[in-house]
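Below is one structure, written out as structure tokens; comments come after it.
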Amino acid sequence: MPVADLFPPSMTFSHLWPWIGLVLAVPLAIALAGGGLRGDRSVTRWRDPVWLCWAGTLAYLFHQVEEHGVDALGVPYAFRGMLCATFGFPDPAACPIPEAFITAVNIPVVWLAGPVCALLGRRRPALALAWLGVPAVNTMAHLVPAVVEGAYNPGLVTALVLFLPLSVWSFRMALRRPDLGRRAVAGTVAGGVLLHAVLMGSLVAFLAGRIGTALLVLIQIVNPVIPPALVARVTAGQQISPPPARPRPGSR
2 MPVADLFPPS
12 MTFSHLWPWI
22 GLVLAVPLAI
32 ALAGGGLRGD
42 RSVTRWRDPV
52 WLCWAGTLAY
62 LFHQVEEHGV
72 DALGVPYAFR
82 GMLCATFGFP
92 DPAACPIPEA
102 FITAVNIPVV
112 WLAGPVCALL
122 GRRRPALALA
132 WLGVPAVNTM
142 AHLVPAVVEG
152 AYNPGLVTAL
162 VLFLPLSVWS
172 FRMALRRPDL
182 GRRAVAGTVA
192 GGVLLHAVLM
202 GSLVAFLAGR
212 IGTALLVLIQ
222 IVNPVIPPAL
232 VARVTAGQQI
242 SPPPARPRPG
252 SR
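Counting in the numbering used here, the sequence shown runs from 2 upward without gaps.
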């Protein structure tokens, strides 16, 4: 696809933000590779919930490009069209789902909640794990329709290649840590499910005329609070990690 078709002069922020996220992914990838985003240097980065949370944020930035930038079939801003068709609006131009809804869903939960949970996870590793429930549940939201319909959907490739192995590894790691364990994993999955339920439930309410655009957008902005809040509650009283030691020169 010609670059000019991806970035027309009339492009609005609703279509531009995934590409901004792709630019932000570059320094994040460099920081992850350099070990600067570690939370627990007593273990390898692959057993560090904070590092895994940052890695999940990076994976989600790539996922957002496939969903809302250009999908694996070369269709730009493809996810909204698929979502509209799911709700019975085959023509995206006539679909009442606002582009602001798509933007409000994605930026707060990935650009804001991901880093915030990673930072909070330096003292409470369960909070870093909590955010990883979002890509884990999102994987199923792509995989199940793909299996049932036998067809590709925007975001499927990155969900399978990035989200699925990251989620399986993160939960396996958490089950082996005494400061996380089954309770934290269960809360993480429940938080991811609840976030997606609120997202879809509010959209259904909007399409039924029960709420307006402003409230629909506001719900998406607040929605990312659910996973860490739920995990914080279900893991209350569990061991809290001490402040991380300052990294030694050359430490990875």
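Idealized CB from N, CA, C, for every residue including glycine. Keep in mind the model is a prediction, meaning the values are calculated, not measured.
Alpha-carbon to alpha-carbon, Ala105 and Trp170:
Numbered from its first residue, the sequence shown carries residue 170 at position 169. Numbered from its first residue, the sequence shown carries residue 105 at position 104. Using only the alpha carbons, I get a separation of about 29 Å.
Are three or more beta carbon pairs between the segment 44-60 and the segment 113-122 nearer than 8 Å?
yes
Under the rule that 16 or more other beta-carbon atoms within 10 Å means buried, what is Phe172, buried or exposed?
Counting from 1 along the sequence shown, the entry for residue 172 is found at position 171. Phe172 comes out buried.
Measure the beta-carbon distance from Pro50 to Gly122 and round it to whole angstroms, keeping in mind my assumption that it falls under 8 Å.
Residue mapping note: residue 50 aligns to position 49 of the sequence shown, counting from 1. Residue mapping note: residue 122 aligns to position 121 of the sequence shown, counting from 1. Indeed they touch by this definition, with Cβ atoms about 5 Å apart.
By the DSSP assignment, the alpha helix (DSSP H) with Ile222 in it spans what residues?
Along the sequence shown, read from residue 1 onward, the residue named residue 222 stands at position 221. Residues Thr214 to Val223.
Grouping DSSP H, G and I as helix and E and B as strand, with all else coil, what is Val76?
Residue mapping note: residue 76 aligns to position 75 of the sequence shown, counting from 1. Coil at Val76, not helix or strand.
Helix, strand or coil: which one does DSSP assign to Val71?
Translated into positions along the sequence shown, residue 71 becomes position 70. Looking at Val71 - three-state DSSP - the assignment turns out to be strand.
Pull up the CB-CB distance for Thr189 and Val145, whole angstroms please, since I reckon it's below 8 Å.
Counted from its first residue, the sequence shown places residue 189 at position 188. Counted from its first residue, the sequence shown places residue 145 at position 144. That pair is no contact at about 19 Å.
Going by beta carbon distance, what residues of the same chain come within less than 8 Å of Pro244, once the five residues before and after it are set aside?
Counting from 1 along the sequence shown, the entry for residue 244 is found at position 243. In this prediction, Pro244 scores a pLDDT of 47, lower than 50, which makes its location untrustworthy; no coordinate-derived value is stated.
Where do the N-terminal and C-terminal ends of the alpha helix (DSSP H) with Met201 fall, by residue?
For the purposes of this step, residue 201 is identified with residue 200 of the sequence shown, where counting begins at 1. Residues Gly182 to Leu208.
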